[in-house]
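Numbered per the working numbering, the sequence shown spans residues 23 to 330.
Glycine residues also receive a C-beta, built at the ideal position from the N, C-alpha and C atoms.
Model, not experiment: these values are computed from the prediction.
Reviewing the structure listed below.
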Amino acid sequence: MANECYKYSTPWNIYWVDTSVSHARASALGPLQKLNHFVGMTLICRKASAASVLNRNLRFSAQAFDFFPASWTLPKDQAELTRLMKAHKPPVLIVKPSKGSQGAGISICRSHEELQHVMQQNGRWAEGVAQMYIDRPLLLEGYKFDLRLYVLVTSCSPLRIHIYRDGLARLCTEKYQVVSSGEQLDLTAAAGIAAATSASDWRKRHLTNYAINKQHEDFTAGVDGAKRRLGHVFDTISREAGFDVDALWGDCQQLIVKTLIAVQPDLAHAYASCRPSHDAHPFSCFELLGFDLLIDQVRSPLMGLDCL
23 MANECYKYST PWNIYWVDTS VSHARASALG PLQKLNHFVG MTLICRKASA
73 ASVLNRNLRF SAQAFDFFPA SWTLPKDQAE LTRLMKAHKP PVLIVKPSKG
123 SQGAGISICR SHEELQHVMQ QNGRWAEGVA QMYIDRPLLL EGYKFDLRLY
173 VLVTSCSPLR IHIYRDGLAR LCTEKYQVVS SGEQLDLTAA AGIAAATSAS
223 DWRKRHLTNY AINKQHEDFT AGVDGAKRRL GHVFDTISRE AGFDVDALWG
273 DCQQLIVKTL IAVQPDLAHA YASCRPSHDA HPFSCFELLG FDLLIDQVRS
323 PLMGLDCL
C-alpha cells in the first residue's frame with residue numbers, strides 16, 4: 023500500500039517502509055510528509071558497518087566506547103582474525119552475517135579450523151562480523167537473556183532521541199552452559215533457522231532470538247516465559263539479586279546515546295544533502311530502533327551490534 027501511494031502520488035502524510043530508503047526518496051518528500059527512516063541509518067543497523075563506526079570512535083575515546091565486545095569485520099579483518107585464532111589459546115568468537123536476522127547464519131568458533139569452516143560455508147556473505155564471545159553473561163533463573171530496548175529518533179541535527187522506559191527481555195529456552203572445547207557444535211547447520219528444531223540445541227542455550235527459541239517444545243511467552251516485559255525482569259533481579267536497576271538503566275541509556283552520537287555526523291550529512299532546506303520545516307524523517315543489549319557478569323550492559 024505504501025509503495026503504491028508513493029508511486030502514484032496518492033495523498034499521504036506518513037510513508038512507512040520496512041527497507042532502507044534512498045537519497046531520492048527522502049528528497050522527494052513534501053513539507054507535511056514524514057518518512058520512517060533516515061538516509062544512512064543502515065550504518066548502525068548492519069552489523070559490519072556498526073562495528074566499523076564503533077571501532078573508529080573507540081580509537082579516539084577508548085573509555086567512552088568500551089560498551090561493545092572486541093569486534094572485527096569480515097572479510098576485511100580475516101587475516102588479523104586468522105593470526106588471533108592460531109594463537110596458543112584462541113578466544114571464543116561469535117560470527118554473524120552483517121544483514122542477518124532471527125539468528126540465521128550465527129556460529130560460535132573456538133579455533134582457526136572452525137572459523138575457516140564457517141567462512142567457507144558462508145562465502146555468500148558480502149560482509150559479516152566476528153566478536154569476542156561474552157561467555158559469562160548475567161543469567162536469569164539459569165538462562166541467558168538479553169534486553170530489547172526501543173528508541174525513537176526524531177532529529178539528527180540536533181540529535182533528538184526518546185528511549186522507551188519499558189521493553190522486552192528475551193530468554194533462551196535451555197539452561198546456559200559455558201562453551202567448552204569438547205562441546206559438539208553443529209556448525210554445518212548454522213546458516214538457517216530450520217537447524218534449531220531439535221529439543222537440545224546449542225543455539226537455544228546461547229542465542230536469545232525469538233525465531234529460534236519459539237521452536238522449543240517448552241516455549242512460552244508469558245510473564246514467566248522466554249519473552250518477558252522489561253519492567254517485570256527488572257523487578258525480579260532487583261528483588262532477588264539486589265540489583266541496582268536504576269544504575270543499569272542509566273548505563274543502558276548512555277550506551278544508546280553514545281551509539282547514536284557515533285553515527286550522528288554521517289546522518290546529519292546525509293540528511294542535509296537530500297533535505298537542504300530542512301530548517302524551514304520540521305524534520306521530515308524519524309526512526310524507530312530496537313537495541314539488543316547483553317548484561318555481563320559485572321552487571322554492565324554490552325551492545326552485540328544488533329540494532330534494528
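Item, Value
"Which of the three DSSP states, helix, strand or coil, is assigned to phenylalanine 305?", "coil"
"Helix or strand or just coil, what does DSSP make of threonine 195?", "coil"
"Cα separation between serine 177 and leucine 162?", "36 Å"
"To which residues of the same chain is cysteine 194 closer than 8 Å at the C-beta, ignoring the five residues directly before and after it?", "Tyr165, Lys166, Phe167, Lys226, Arg227, His228, Leu229, Thr230, Asn235 and Ala248"
"Report the rounded CA-to-CA distance for tyrosine 37 versus alanine 46, giving the unit in angstroms.", "14 Å"
"Would you kindly work out how many angstroms separate the C-alpha atoms of phenylalanine 60 and arginine 192, rounded to a whole number?", "27 Å"
"With which residues is serine 177 paired in a DSSP beta bridge?", "Arg182"
"With respect to the beta strand (DSSP E) encompassing valine 117, which residues constitute its N-terminal and C-terminal limits?", "115–119"
"Assuming contact is defined by CB atoms lying nearer than 8 Å, are leucine 315 and leucine 289 in contact in what I supplied?", "no"
"Can you give the Cα-Cα distance for serine 49 and arginine 297, rounded to whole angstroms?", "6 Å"
"By Cβ distance below 8 Å, which residues in the same chain neighbour leucine 96 in space, the five residues on each side in sequence not counted?", "Ala70, Leu103, Val117, Met141, Trp147, Glu149, Gly150, Val151 and Ala152"
"Can you name the residues that DSSP bridges to serine 260?", "Per DSSP, none; premise fails for serine 260."
"Compare the C-alpha of serine 123 against each of Ser260, Ala233, Gly264 and His291 and name the closest.", "Ala233"
"From the DSSP output, which residues share a beta bridge with valine 151?", "Thr95 and Lys118"
"State yes or no: is the C-beta of proline 112 within less than 8 Å of the C-beta of methionine 154?", "no"
"Taking the alpha-carbon positions, what's the proline 119 to valine 245 distance?", "32 Å"
"So the alpha helix (DSSP H) arginine 251 belongs to, where does it begin and stop?", "Where arginine 251 is concerned, there is no enclosing alpha helix (DSSP H), although the beta strand (DSSP E) it sits in stretches over 249–251."
"Opposite isoleucine 36 in the DSSP bridges: which residues?", "Lys56"
"Do you know how far the Cα of phenylalanine 265 is from the Cα of aspartate 257?", "9 Å"
"Look up serine 129 in the DSSP assignment and say whether it is helix, strand or coil.", "strand"
"Can you tell me whether serine 220 is helix, strand or coil according to DSSP?", "Here the model assigns serine 220 a pLDDT of 46, short of 50, so the residue's position is not dependable and the matter cannot be decided."
"Per DSSP, what kind of secondary structure is glycine 164 in: helix, strand or coil?", "coil"
"Give me, in chain order, the residues of the same chain whose beta-carbon lies closer than 7 Å to that of asparagine 79; leave out the 5 immediate sequence neighbours on both sides.", "Phe87 and Ala284"
"Measure the CB-CB distance between leucine 115 and leucine 310 and report whether it falls below 8 Å.", "no"
"By alpha-carbon positions, which one of Tyr186, Tyr172 and Glu239 ends up nearest to glutamate 196?", "Glu239"
"For the alpha helix (DSSP H) containing alanine 107, list its first residue and its last residue.", "At residue 107 the sequence reads methionine, which differs from the alanine that was named. Where methionine 107 is concerned, the enclosing alpha helix (DSSP H) stretches over 100–107."
"Leaving out the 5 sequence neighbours to the left and right, which residues in its chain are closer than 8 Å to arginine 158 when beta-carbon positions are compared?", "Val200, Asp318 and Gln319"
"Quick check on this structure: which residue in Ser129, Trp224, His254 and Arg250 has the alpha carbon closest to the alpha carbon of tyrosine 198?", "Trp224"
"Residues in its own chain within less than 7 Å of isoleucine 185 by CB, not counting five upstream and five downstream?", "Leu171, Val173, Gln275 and Ile278"
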